[in-house]
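Here the protein sequences line up with chains A and B, keeping their order.
Going by our numbering, the residue at position 96 of the first sequence is 1511; the numbering climbs one at a time, nothing skipped.
Going by our numbering, the residue at position 32 of the second sequence is 49; the numbering climbs one at a time, nothing skipped.
Remarks on the structure that follows.
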Amino acid sequence: MQAEKFSYDNQVVKQFIIAAVVFAIVGMLVGLIIAVQLYMPELNFGIAYLTFGRIRALHTNAVIFAFVGNIIFAGVYYSLQRVSKTRMWSNFLSQFHFWGWQLIIVAAAISLPLGFTTSKEYAELEWPIDIAIAVVWLAFGANLLGTIIKRREQHMYVATWFYIATFVTVTVLHVVNSVEIPVGFLKSYPVYAGVQDALVQWWYGHNAVAFFLTTPYLGMMYYFLPKAANRPVYSYRLSILHFWALIFIYIWAGPHHLLYSALPDWAQSLGTVFSIMLIAPSWGGMINGLLTLRGAWDRVRDNPVLKFMVVAVTAYGMATFEGPLLSLKNVNAIAHFTDWIIAHVHIGALGWNGMLSFGILYWMVPKMWGTELYSKKLANVHFWISTLGIVFYAVPMYWSGIAQSLMWKQFTPLGILQYPNFLETTLQIIPMHIIRSIGGLLFFIGLFLLGHNLRMTAKQGRFIKNEEAEAAPLVKEIDKLKRGMIHRWLEKRPVKFTLLSLLAISIGGLVQIIPTIVIKSNIPTISSVKPYTPLELQGRDIYIREGCNACHSQLVRPFRSETERYGEYSKAGEYVYDHPFLWGSKRTGPDLMRVGKKYSNLWHYLHMEDPLSMSPGSIMPPYPWLLTENIDTSSTAAKINAMRSIGVPYEKGYENFANQDLVKQANEIAEDLIKNGVPAEPDKNIIALIAYLQRLGTDIKVNQPESKR
Amino acid sequence: MKSINKILFAAFFIIITLINHSFVFAETETAVDLDKVMKTMLAVTLIIIAVVIWLFVVYSEKNDNEGILFKTPFKVFKQYITKMSPIEKESEMLLHHKYDGIEELDNRIPPWFNFLFYGTIIWGIIYMLVFHVFDDGQVQSKEYEAEMNQAAVERQILVKTGAFLNEETVTALSDAAVLLEGKEIFIKNCASCHGQNGEGTVGSNLTDDFWIHGGGIKNIFTVVKYGVPAKGMISWQTQLAPRKMQAVSSYILTLHGANPPNAKAPEGEKWEEPKTNK
């Protein structure tokens, strides 16, 4: 058989690498800024676009989708071509993918600070960008599958399996979680409400971690680690077992983000047990990676690439052990809503994703430029500064999380809360936050060493735009399914493989989501819960715009310490008109589920203008612009219509009168404020926000709690 | 070998069941205190360290190379749980796959991995059965009820011991039994200075309309509790439980207008009970 000559496309890989490094710096810079804002709120310079609530989403999106995303694409485009012995299927799609993805990132970087957000974590981008993501992602998928189909290698390598699972699952997640009704350009409401929205969101959110931060990285580990160590993969059988087990089980674990919430108990329990079951499949990847280094450990000492990879794989093992631990209800009761989760996430993000990315870059760039790494020494410095950065980041956050959680729960001997003032617990952990930001700074500094080293490496080499290669063409063999060889058979059939993985990842989601939406008893209705008034609806959208949910939860858990502090615990039926749900995932400030009628209008007015005036020492930034911006009454009708189309029972034709009600309610609040001595105007955003806050959690106080069980 | 397998599996099963029934399920919040959490954290940290060391020992290169010559029980066990082939025999384990130069070995899946994997699955099934089929576990609403009941019980106990009684909350009691108890306390502790009938000797007269530090149950309770060291009245809060201070203060109120013999002259100001809306 005559070998065919072809070339690997390094150009698109190079583009993705450059983008990744640039966005790593941007994303982590924003991360550093928000870390400092937690003890120096004035670091937003009084600019709305730089407030914590808005740029926290910018940080997460930038590091996940811009930094990690671009690394994934660089790694996939590099490794897939080589394990498939072919060039990418379509140069056009490669370029379309690259430029499309960068445009999406730019759109995110502009729209998030401007306050255009759906509020759903890691899915904050608004509907036009969602559509763009779907298009670009499908282009990537087509290119991926096209390349696999026209491969010259008989079988698909384990890395390829993970890439396929990534593509399939992210597609499903993104599409299902983004079903939303547009109310205008860059504003939409999700079709799901309350508990259902929470379930769908965390099914998405959890699996974004699984299939964006984990499976593609495992795929890359399976290519770059054996390459860098020059060792065979430890166990092919383990690869098969842990791949299928991982993708099947992972999808079920989403509800562990909603333990002790208003989510039905059975769904919570599924989240817990499937998380525990995930330990072994996750560790399968770790031990296969670490054991591949068997016989090469001596090289780890003087090879920075391997060093980065070892720490990455170890961090992966730690995070995937800690995750299931956090899914146990008794641990979750302590850790949820605290900095512990932030620590956990960053072990994964900085340790696993960050360090593996650096290892891959240090290996790939010299290969692509046909040279050696410019400075091993600099890479070693980078390694140590990053490792140190992770330690300085994670350790204080563990302590601050536990300390604050215990303070929340502490009762005096007489049975009253020891720290009834939430702020006291916030101030307690500020020193930890300062150390954390130093850890972040160290990691951030490392990026410049990386950038410099890679630039100098590229400078001393010559970029190989199209890497020549040759391989025999694929011969069609007719083979039958044989016992013990089923997976070998499957590895030759990319379409069947793709469909099978689609099946594997669909089951968990279907079992959890469909009953929660279809079966009524899962969300017991409460007759006194009514839709928001037009003014409250506008106020809610301001709450979303400012990203209040980044720091304030709206979910009182059924614990004595929370019902004493906040009031009655949250019931599923209270959220039925919440499109989107706003439960939040972190309590930097107190819960707001029952804040309605707790304080006077005046308190809220002064507090939003300057939080320090009402709670001395508060780290909440001021929102003076709410006092001067006008309520956008032109959108009221569209919002009412959109809400009605997704099941909120506003009467037909109400959109025509909605603004009358809005003005009436606004006047009442403004009058009350003026009476109490502030020059409030009824047409300002602050009025709408106060209306919303005063409504929060008050519906069940009206009369009987639950009409049926 | 088969039987060992079974025994190990059974042991694993039992451990998992035990864990099921002890600490992993219900979070009883009242018990969450610093000490317990710190101990748990410490335990978890130790487990993690142990696991890491264990993995390290089990897979360390050095042990690999010594081969079958030294068949210590530990090595037999190690071989049993890892089923790892010696690195020298690697070439026999190579599969005929090669992807861009990457080869794959046909090592067995480590048995410890299988124990872990299937063990967690069994644990998961038990968990679901316990909570949602046999209703043996506490779902969150029941857990909350239990926690609140527990707190109510604790509160009752505190109420009984008078933990909530202080100068702000104290009320005068007229219960005969209480007054009798108050009298006994009075005779035992107070009479030496205030007289058997409260007529006053060293201490002031407690039966007239005049009070140095104000009359009424709250003021009397305050004086009993904290004392007036400057005038020789001692503080009783370390010797008498709040309940008892309430009893004796209530008893003292009943002495008003008793007109005992040898009454000491009035001191202080005339006290009038502030009018309250009942």
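C-beta atoms are modelled at their ideal positions from N, C-alpha and C, and glycine is treated no differently.
Quantities reported herein were computed from a predicted structural model and do not represent experimental measurements.
What does the Cβ neighbour count give for residue i, buried or exposed, with the cut at 16 atoms within 10 Å?
i       : result
A:F1460 : exposed
B:A60   : exposed
A:I1922 : exposed
B:N294  : Bear in mind that the predicted position of B:N294 carries a pLDDT of just 49, short of 50, making it unreliable; the figure below should be weighed with that in mind. So B:N294 ends up on the exposed side.
B:F42   : The predicted position of B:F42 is uncertain, since its pLDDT is 41 and thus under 50; a value taken from the coordinates is nonetheless stated next. Flag for B:F42 reads buried.
A:G2112 : buried
A:T1802 : buried
B:M55   : exposed
A:D1956 : buried
A:P1888 : exposed
B:K248  : exposed
A:I1550 : According to the sequence as given, residue 1550 of chain A is Val; it is not Ile. With fewer than 16 Cβ atoms within 10 Å of its Cβ, A:V1550 is classed as exposed.
B:P291  : exposed
A:S1742 : buried
A:L2088 : buried
A:L1918 : exposed
What first and last residue would you give for the alpha helix (DSSP H) that runs through residue i?
i       : result
A:S2152 : Lying outside 1416 to 2124, the shown extent of chain A, residue 2152 of chain A is not represented and no answer is given.
A:A1886 : Here A:A1886 belongs to no alpha helix (DSSP H); instead the beta strand (DSSP E) covers N1881 to A1886.
A:D2087 : A2073 to K2090
A:I1928 : P1909 to V1933
B:P278  : That residue, B:P278, is in no alpha helix (DSSP H); it is neither H nor E in DSSP.
B:C210  : A208 to H211
A:S1494 : G1484 to S1499
Out of the options, which one is the CA nearest neighbour of residue i?
i       : options                               : result
B:D226  : B:V170, B:G274 and B:I138             : B:G274
A:I1920 : A:H1512, A:T1581 and A:A1557          : A:T1581
B:M165  : A:H1589, A:R1975 and A:D2114          : A:R1975
A:I1757 : A:D1993, A:V1715, A:N1622 and A:A1809 : A:A1809
A:F1798 : A:T1840, A:L1864 and A:P1835          : A:L1864
A:L1553 : A:N1476, A:L1915, A:S1509 and A:A1750 : A:S1509
B:I251  : B:I237, B:R260 and B:A264             : B:I237
B:F203  : B:V187, B:D123 and B:G220             : B:G220
A:Y1638 : A:Y1572, A:G1599, A:I1596 and A:P1605 : A:Y1572
A:K1602 : A:I1432, A:V1590, A:G1530 and A:P1456 : A:G1530
A:V1926 : A:G1686, A:R2009 and A:S1968          : A:G1686
A:H1621 : A:M1635, A:V1585 and A:A1668          : A:A1668
A:K1565 : A:S1505, A:V1583, A:S1526 and A:G1830 : A:S1505
B:I64   : A:F1736, A:R2110 and A:A1818          : A:F1736
B:D123  : B:T218, B:K100, B:T186 and B:A169     : B:K100
A:E1885 : A:F1480, A:V1445 and A:V1498          : A:V1498
Following the continuous beta strand (DSSP E) through residue i, name the residue where it begins and the one where it ends.
i       : result
B:H113  : L111 to Y116
A:V1648 : From DSSP, A:V1648 is part of no beta strand (DSSP E); its letter is neither H nor E.
A:I1596 : E1595 to G1599
B:E216  : Looking at the DSSP string, B:E216 is not in any beta strand (DSSP E), and its letter there is neither H nor E.
B:E120  : I119 to L122
A:F1421 : E1419 to D1424
A:S1603 : K1602 to P1605
Beta carbon of residue i, beta carbon of residue j: below 7 angstroms?
i       : j       : result
A:S1852 : A:D2114 : no
B:L133  : B:E121  : no
A:K1986 : A:A1677 : yes
A:G1766 : A:A1730 : yes
A:P1949 : A:A2073 : yes
A:A2103 : A:G1988 : no
A:Q1683 : A:L1693 : no
A:I1487 : A:P1631 : yes
Less than 7 angstroms between CB atoms is the rule here; does residue i satisfy it with respect to chain C?
i       : result
A:A1522 : Absent from the structure is chain C; the protein chains it does hold are A and B.
Could you run through the region 111–130 of chain B and flag, in chain order, every residue whose CB is less than 8 angstroms away from some CB of chain A? L111, L112, H114, Y116, D117, G118, I119, E120, E121, L122, D123, N124, R125, I126, P127 and F130
Of the residues that make up the region 134–150 of chain B, which ones have a beta carbon closer than 7 angstroms to any beta carbon in chain A? F134, T137, I138, W140, G141, Y144, M145, F148 and H149
So if I threshold CB-CB distances at 7 angstroms, which residues from the region 1587–1610 of chain A count as touching chain B? none
Any residues in the region 165–192 of chain B with a beta carbon nearer than 9 angstroms to a beta carbon of chain A? Which ones, in chain order? M165, Q167, A168, E171, R172, L175, A180 and F181
Check each residue of the region 1657–1668 of chain A: if its Cβ is closer than 8 angstroms to any Cβ of chain B, include it; give the result in chain order. A1660
Residues of the region 1667–1685 of chain A with Cβ closer than 7 angstroms to any Cβ of chain B, in chain order: Y1675, D1680, W1681 and S1684
Of the residues that make up the region 1612–1636 of chain A, which ones have a beta carbon closer than 7 angstroms to any beta carbon in chain B? none
For the region 89–107 of chain B, list every residue whose C-beta sits within 9 angstroms of some C-beta in chain A, in sequence order. M101, I104 and E107
Using a Cβ-Cβ cut-off of less than 8 angstroms, list which residues of the region 1694–1718 of chain A approach chain B; keep chain order. I1694, A1695, P1696, W1698, G1699, I1702, L1705, L1706, R1709, G1710 and W1712
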